[in-house]
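First to last, the sequence lines map onto chains A and F. Residues are numbered in the working numbering as their position in the first sequence, beginning at 1, plus a constant of 167. Residues are numbered in the working numbering as their position in the second sequence, beginning at 1, plus a constant of 28. What follows is a single structure, written as structure tokens, with notes after it.
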Amino acid sequence: MFKKTLSSLALCASVAVAAQAAPISEDVIQQSFYPYAKGKPTAASIQPGMVISSANVDAVKDYLDPAMYQFIKNGDTEITVSDTMDFALHDSYVEATRKYAGDTRLGEKIGEIEGSEAGRPFPQEPSLDDPRAGEKLAWNYKNGYNWGDSAAIMPFYWKYRDMNSGKVERTVKFNFHFLNYTHRTQQEPYPAITPNPSNLFRGIYVQVLEPFDIKNTQLLIQRFDDDLKRDNAYLYLGFQRRVRRLSTGQVTDAFLGSDLMIEDFEGYNGRISDMNWTYKGTKTMLLPMYNHNNLELDTETHADDDGYQVVAFGGKGGCFPNIQWQLRKVYLLESDPVDPNHPISKREHYIDAQTFTIPRNITYDRKGDMWKSWLIGQAHPDYHLPQNKGTGVSIDDSFSMVDIQANHCTTGQFKGIVDATLTPESKMTVQNLRASGA
Amino acid sequence: MSNKITRTLNTISMGVAAGLTMGVASGVNAAEMERAGFVENATYYRDGVGLSKFRNTIQGEFSKALDTSSWSNVTINGTLRGTYDRVYDLNDKEFGKDAGEDYLGQNWHPRGAATTFIPGPNTTILSAGVAFPCENDPLLCRNLGGYMDQDENDAMFPEFNDELDFIRELYIRGDKYLDNGDVVSVKLGKQQVVWGKTDLFRVLDVINPVDYSRHNIYDELEDIRIPQWMVTAEWRMGSTATFDDSNFSILWNFDEFRPNNLGTCGQPYKILDAGCFFSAYINLADLGAPYSNNVPIIHDVEDPNWSLSNTQFGFKWEGVYGDATFSVNALHYRQQLPSLHFRKHPVAALAAAGLPAPDGVFDIRFPRVTLLGGAFDYYSMATDATWRIELAYTEGEELPRDTNGHKATSMARYVIGMDKNLIIPALKARSAFLISAQLFGEHILDHVADMPNDEDNWIATLLFKGWYMNNRLSPQIIIAHDVAAKSTVVAPSISWTPDNHWTFNLALNVKSGGDETFAWSVAGTETFEPLARFTNGPIGVANQEDELQLTVRYSF
Numbered sequence: 168m169f170k171k172t173l174s175s176l177a178l179c180a181s182v183a184v185a186a187q188a189a190p191i192s193e194d195v196i197q198q199s200f201y202p203y204a205k206g207k208p209t210a211a212s213i214q215p216g217m218v219i220s221s222a223n224v225d226a227v228k229d230y231l232d233p234a235m236y237q238f239i240k241n242g243d244t245e246i247t248v249s250d251t252m253d254f255a256l257h258d259s260y261v262e263a264t265r266k267y268a269g270d271t272r273l274g275e276k277i278g279e280i281e282g283s284e285a286g287r288p289f290p291q292e293p294s295l296d297d298p299r300a301g302e303k304l305a306w307n308y309k310n311g312y313n314w315g316d317s318a319a320i321m322p323f324y325w326k327y328r329d330m331n332s333g334k335v336e337r338t339v340k341f342n343f344h345f346l347n348y349t350h351r352t353q354q355e356p357y358p359a360i361t362p363n364p365s366n367l368f369r370g371i372y373v374q375v376l377e378p379f380d381i382k383n384t385q386l387l388i389q390r391f392d393d394d395l396k397r398d399n400a401y402l403y404l405g406f407q408r409r410v411r412r413l414s415t416g417q418v419t420d421a422f423l424g425s426d427l428m429i430e431d432f433e434g435y436n437g438r439i440s441d442m443n444w445t446y447k448g449t450k451t452m453l454l455p456m457y458n459h460n461n462l463e464l465d466t467e468t469h470a471d472d473d474g475y476q477v478v479a480f481g482g483k484g485g486c487f488p489n490i491q492w493q494l495r496k497v498y499l500l501e502s503d504p505v506d507p508n509h510p511i512s513k514r515e516h517y518i519d520a521q522t523f524t525i526p527r528n529i530t531y532d533r534k535g536d537m538w539k540s541w542l543i544g545q546a547h548p549d550y551h552l553p554q555n556k557g558t559g560v561s562i563d564d565s566f567s568m569v570d571i572q573a574n575h576c577t578t579g580q581f582k583g584i585v586d587a588t589l590t591p592e593s594k595m596t597v598q599n600l601r602a603s604g605a
Numbered sequence: 029m030s031n032k033i034t035r036t037l038n039t040i041s042m043g044v045a046a047g048l049t050m051g052v053a054s055g056v057n058a059a060e061m062e063r064a065g066f067v068e069n070a071t072y073y074r075d076g077v078g079l080s081k082f083r084n085t086i087q088g089e090f091s092k093a094l095d096t097s098s099w100s101n102v103t104i105n106g107t108l109r110g111t112y113d114r115v116y117d118l119n120d121k122e123f124g125k126d127a128g129e130d131y132l133g134q135n136w137h138p139r140g141a142a143t144t145f146i147p148g149p150n151t152t153i154l155s156a157g158v159a160f161p162c163e164n165d166p167l168l169c170r171n172l173g174g175y176m177d178q179d180e181n182d183a184m185f186p187e188f189n190d191e192l193d194f195i196r197e198l199y200i201r202g203d204k205y206l207d208n209g210d211v212v213s214v215k216l217g218k219q220q221v222v223w224g225k226t227d228l229f230r231v232l233d234v235i236n237p238v239d240y241s242r243h244n245i246y247d248e249l250e251d252i253r254i255p256q257w258m259v260t261a262e263w264r265m266g267s268t269a270t271f272d273d274s275n276f277s278i279l280w281n282f283d284e285f286r287p288n289n290l291g292t293c294g295q296p297y298k299i300l301d302a303g304c305f306f307s308a309y310i311n312l313a314d315l316g317a318p319y320s321n322n323v324p325i326i327h328d329v330e331d332p333n334w335s336l337s338n339t340q341f342g343f344k345w346e347g348v349y350g351d352a353t354f355s356v357n358a359l360h361y362r363q364q365l366p367s368l369h370f371r372k373h374p375v376a377a378l379a380a381a382g383l384p385a386p387d388g389v390f391d392i393r394f395p396r397v398t399l400l401g402g403a404f405d406y407y408s409m410a411t412d413a414t415w416r417i418e419l420a421y422t423e424g425e426e427l428p429r430d431t432n433g434h435k436a437t438s439m440a441r442y443v444i445g446m447d448k449n450l451i452i453p454a455l456k457a458r459s460a461f462l463i464s465a466q467l468f469g470e471h472i473l474d475h476v477a478d479m480p481n482d483e484d485n486w487i488a489t490l491l492f493k494g495w496y497m498n499n500r501l502s503p504q505i506i507i508a509h510d511v512a513a514k515s516t517v518v519a520p521s522i523s524w525t526p527d528n529h530w531t532f533n534l535a536l537n538v539k540s541g542g543d544e545t546f547a548w549s550v551a552g553t554e555t556f557e558p559l560a561r562f563t564n565g566p567i568g569v570a571n572q573e574d575e576l577q578l579t580v581r582y583s584f
């Protein structure tokens, strides 16, 4: 009787808060964040340690995206397979998901969301029957743990390469910084930095260290929590000593002459509302995720007191990182731009289901032909720099953007550091551009 | 100010910087010094003249971080530059101490009423300018002392002078983090301080004087600002309840005042041809009795003594409010362009007749100016473009006029700019093209009819720039048009950067205009000299300076 009364009271309470959604079940949490707890993915044709080359790639075609398959088939590169690793995100992010995801729902328009304070907004498995499943995946990426609450890449080497000759045309040395203003879960303060009068969501700050002609060029991107609002982007040019606002045209432009648009950063660096999103299914696939400390690294590009070395590159034109690939649970997501004048027709995103990073992208030009192949290698934080251990951040560790049509690529070699002291809020101000540039 | 005092001040300033450096350095850990630099050759060929520049430059920059216990981000920064322009050897008929003209302004206009035969004495009113007066004319050299008194060697090696201009920058800076999260940042030393958002023209960017003798208005301001010994203190409040970013800074320019370098007569670039006008005479034959000698145009250049009251100072509040960035600026400084003060004849009756003093017609002065202004930019989603506005109101400026040489007037200047990036498929570039347009306006609040400048004038600029081959090949065209002067410059160029070290830039610079005349009461009719140089402006007066320009740079 007493039990019944309590149940009735609980029912009344839930009715009283009316539309409040049911809390997320622990099964959903477990499936979303620990997909390999009950076993790692397997494929009959793929074993850890094997090397996939043009000779055997047809046997594993189903586990590769079309661009990667073609590169290997052409003999442009070979890949080594390793065992699947558990890239568990930080407990604080998982806990925030438990706390808030039950109250999160999409708004009427693309780009509108309610109740997403922190954590993964939609941890439920996507369904092909859900017309907005793609949009939910996009939100899971945007509000994902990514670099955690803040991190820095110091330094970050970009090399512009002729894929035919292998000539390195330019080497640009950067520092990159990331800071979340909202949706914070681990670093004080959380869930948000205040004051934040314009309700910024995230800041990205980029500074060029070399070469001389673009030294001190700096980029600041401020993204708003309101996805319908366009980013504010500022560029500081060292030779002008002046901060200039960027129009969105520059966000889809080749950044400093590389093969990347600003919009390409991290797999997708734009608004949800700039794209139409379509969920295409879930697959087991090979993704570039690895143990950095197990790799044969580049001994020439970077030397450091702490002995850290960056990922080495090889293959055709030096366009492919010498890393390891592993079988992962992958969400296939397509995005096509809302703006008819956008320089691309669509991107195919291969999202790692556990981390919601985007290790693979294929970009199609306006005619619908395959244009660019994006690869961003993910390193496990426990096998990287000592200070990254235990952070639960899947470390962006190497990238390659191949312009398939131009036979040109830009490669990236990272020293990613999850350390809040490297990215204070003052780093994300317009004034910092002026002060750092002068 | 004498050279000796200048040297003393520089020594003191360097001593202050060195002292601070040592003070900070004691008990600190020094990081490795970062170094970079370049060597460059700029070879320009002027139509009808020949070589106009063979400039060889070496520039080195360094930055050294220091770890201190109480301050953060402490660095010592320096930029050193040396230039050797061999044009004075390679084209000494046109440029240098032996250069000469048949009449004043021959390099930009036909003979006019003031420079050709007129009724009466069989000569001209104004003589041709004397090239490098300190090589050729001791009287002019003395009169122009401290301003246009350089010799050919100084022009050949412009950084190696008493002002130690080879030190482009040398400063120490550091941040102090306050308990409330605010940051106080201090920067002390020889430096450039840039205000405003305008390209090519200076509305708020007036703190450092500019060396126009390097390449008129066409070099990057970064390379032609004359660094000054200054201290800036900035209080960075970061985001507040209202603003996304808010900063307040104060500036004290404690250096000796230096005017803009307009170029000495005999140099390839002498903006407005002022250098030759200032080294000209009124011919004795026209003046007659009671004069016994030609009368130099310039009698003396006011060179303000260093004193606390002669230093320059200002403040700026800037921030971000929503989609707009803004600044509010105030500066009390000294006009960097010369103002001509007429000197009457000491004999009252002759003065009443408007005759000048026999030892020189004008004194050059640099009056104090107070500036209030602001800048604003805004990204418009509707136009997918960034709009820039910059405004400045000044009091105390002096502009040229026929009678008395100058008139004090308040001024309003403004720029409206628009930057837009546009993909143009027909041009087969993967990157968007940059289209940047500006309208620079100037309003003379106390305008009078005998001013050669219009009460209102506008200069429009357009930049169209594209990128190919991963930004390593970049064509661009800059067009500027001066409405009142009816003069235009078109400057197409293409830049190629094959690797991290080499950059090649090939450019054309073609001007038209310079045809406007203006009445000078002495000549009695519309003519070019001397006032139409102001009407025609820097573009029109350079109308015979069409050039093909090649610059090769190796960066390290």
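Even for Gly, the Cβ is constructed at its ideal location relative to N, Cα and C. Note that this is a predicted model, so its numbers are computed, not measured.
Residue i at chain F interface by Cβ criterion, 8 Å
i, result
"Glu279(A)", "no"
"Gln580(A)", "no"
"Ala470(A)", "no"
"Val597(A)", "yes"
"Pro322(A)", "no"
"Met168(A)", "For Met168(A), the predicted structure reports a pLDDT of 40, less than 50, and the residue's modelled location is therefore unreliable. The matter cannot be settled from this model."
Short CB-CB distance (under 8 Å) between residue i and chain A
i, result
"Ser583(F)", "yes"
"Tyr407(F)", "yes"
"Thr353(F)", "yes"
"Val222(F)", "yes"
"Glu248(F)", "yes"
Beta-carbon proximity list for residue i, same chain, < 6 Å, skipping 5 on both sides
i, result
"Tyr131(F)", "Arg139, Thr143, Ala156"
"Leu359(F)", "Gly342, Leu399"
"Gln295(F)", "Ala183, Ser241"
"Ile444(F)", "Ile417, Leu467"
"Gln220(F)", "Asn236, Arg253, Pro255"
"Val231(F)", "Gly224, Glu418, Ala420, Arg441, Val443"
Reduced DSSP category for residue i - H, G, I as helix; E, B as strand; rest coil
i, result
"Thr5(F)", "Residue 5(F) lies beyond the residue range present for chain F, which begins at 29 and ends at 584; the question has no answer from this structure."
"Trp306(A)", "helix"
"Arg533(A)", "coil"
"His529(F)", "coil"
"Ala352(F)", "strand"
"Phe200(A)", "helix"
"Lys556(A)", "coil"
Beta-carbon proximity of residue i to residue j, cut-off 8 Å
i, j, result
"Thr349(A)", "His257(A)", "no"
"Ala551(F)", "Ala141(F)", "yes"
"Asp497(A)", "Ala520(A)", "Contrary to the premise, residue 497(A) reads as Val rather than Asp in this sequence. Yes; because the gap between Cβ atoms is below 8 Å, this pair is in contact."
"Pro566(F)", "Asn244(F)", "yes"
"Phe2(F)", "Pro480(F)", "Coverage of chain F is limited to positions 29 through 584, which leaves residue 2(F) absent and any answer about it impossible."
"Asp232(A)", "Ile562(A)", "no"
"Thr451(A)", "Tyr230(A)", "yes"
Cβ shell of residue i (< 7 Å), same chain only, five flanking positions each side left out
i, result
"Thr419(A)", "Met428, Glu430, His509, Pro510"
At which residue ranges does the stretch 233 to 300 of chain A contain complete alpha helix (DSSP H) runs of 4 or more residues, listed in the order of the chain? 233 to 241, 258 to 267
May I have a chain-ordered list of the alpha helix (DSSP H) segments no shorter than 4 residues that lie completely inside the stretch 266 to 322 of chain F? 302 to 306, 312 to 315
Which runs of the beta strand (DSSP E) fall wholly inside the stretch 358 to 416 of chain F and span at least 3 residues, in chain order? 367 to 370, 390 to 393, 396 to 408
Beta strand (DSSP E) runs contained entirely in the stretch 458 to 543 of chain F, provided each spans 3 or more residues: 461 to 472, 484 to 493, 501 to 510, 515 to 524, 530 to 540
Runs of 3 residues minimum, wholly inside the stretch 350 to 397 of chain A: which ones carry the beta strand (DSSP E) assignment? 367 to 377, 385 to 391
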